[in-house]
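Sequential numbering from 1 applies to the sequence shown in UniProt numbering. From the three backbone atoms N, C-alpha and C, an ideal C-beta is built for every residue, glycine too.
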Amino acid sequence: LYIDVDKEHESFQKIQLIGSLLREKMRNAGFQVQEERIKGQGIKIHATLLNTKRRTSIQESGSQTQQQPQNKHPRRIPVDVRDIIAEFGAYDFGVWNISEVLLSRMNQQELLPELKGQRPHKGSGFYETLEQINIGALSEKKE
Numbered sequence: 001l002y003i004d005v006d007k008e009h010e011s012f013q014k015i016q017l018i019g020s021l022l023r024e025k026m027r028n029a030g031f032q033v034q035e036e037r038i039k040g041q042g043i044k045i046h047a048t049l050l051n052t053k054r055r056t057s058i059q060e061s062g063s064q065t066q067q068q069p070q071n072k073h074p075r076r077i078p079v080d081v082r083d084i085i086a087e088f089g090a091y092d093f094g095v096w097n098i099s100e101v102l103l104s105r106m107n108q109q110e111l112l113p114e115l116k117g118q119r120p121h122k123g124s125g126f127y128e129t130l131e132q133i134n135i136g137a138l139s140e141k142k143e
């Protein structure tokens with residue numbers, strides 16, 4: 001479940017351009033290993049509210065509940081978000097000033113088989129921050 005951004009906002013084209021330039025630089029530097037994932041797509045500026053990709057199933061074993069990871073490429077377990085959409089579908093998240101961009105790499109253990117078994121990245125184990133770029137607030141107006 002994600003929210004889209006206001007493509008009519010004056011800063012959208014700037015953000016889209018920065019995202020496209022960064023993606024191209026990262027791809028040229030060899031960080032983008034899944035080219036087919038983005039083929040024909042631009043950068044999708046959005047905010048993820050609920051991600052079920054890494055969801056685990058809960059299996060009860062007697063009185064003990066255990067979390068079992070799904071298969072490597074499982075079919076996603078559906079989530080009914082109709083009540084959430086009904087209550088918050090028209091919610092306005094406002095305008096956010098962007099002051100920095102984090103360049104991150106997905107956990108390479110999942111993307112590159114030759115790294116399987118190596119120690120996970122620091123942090124959550126899903127993203128590793130490679131660089132932090134302070135860009136100032138894009139939506140600030142110069143007087």
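(Q) I need the straight-line Cα distance from T129 to S104, nearest angstrom please. (A) Taking the first residue of the sequence shown as position 1, residue 129 is located at position 129. Taking the first residue of the sequence shown as position 1, residue 104 is located at position 104. Each residue's alpha carbon lies about 4 Å from the other.
**Q.** Endpoints, alpha helix (DSSP H) assigned at D83
**A.** Translated into the one-based positions of the sequence shown, residue 83 becomes position 83. 82-88 is the span of the alpha helix (DSSP H), which, as asked, contains D83.
Q | DSSP state of L75 mapped onto helix, strand, coil | A | Your numbering for residue 75 matches position 75 in the sequence shown. First, the residue type needs correcting, since residue 75 is Arg and not Leu in the sequence shown. DSSP places R75 in coil when its eight states are reduced to three.
Q. Which of helix, strand or coil does DSSP assign to L103?
A. The sequence position of residue 103 within the sequence shown is 103, counting from 1. Three-state DSSP puts L103 in a strand.
Q: Classify L1 as helix, strand or coil using the three-state DSSP reduction.
A: Translated into positions along the sequence shown, residue 1 becomes position 1. Residue state, collapsed to three classes: coil.
Q. Skipping 5 residues on each side, what residues in its chain have a beta carbon closer than 7 Å to that of W96?
A. In the sequence shown, counting from the first residue as 1, residue 96 sits at position 96. Cβ neighbours of W96 beyond the five flanking positions: none.
Q.
If you reduce the DSSP assignment to three classes, tell me which class E131 lands in.
A. One-based indexing of the sequence shown puts residue 131 at position 131. Strand.
**Q.** Inter-residue Cα distance where the pair is D92 and L1
**A.** In the sequence shown, counting from the first residue as 1, residue 92 sits at position 92. In the sequence shown, counting from the first residue as 1, residue 1 sits at position 1. Answer to the nearest angstrom: the Cα atoms are 16 Å apart.
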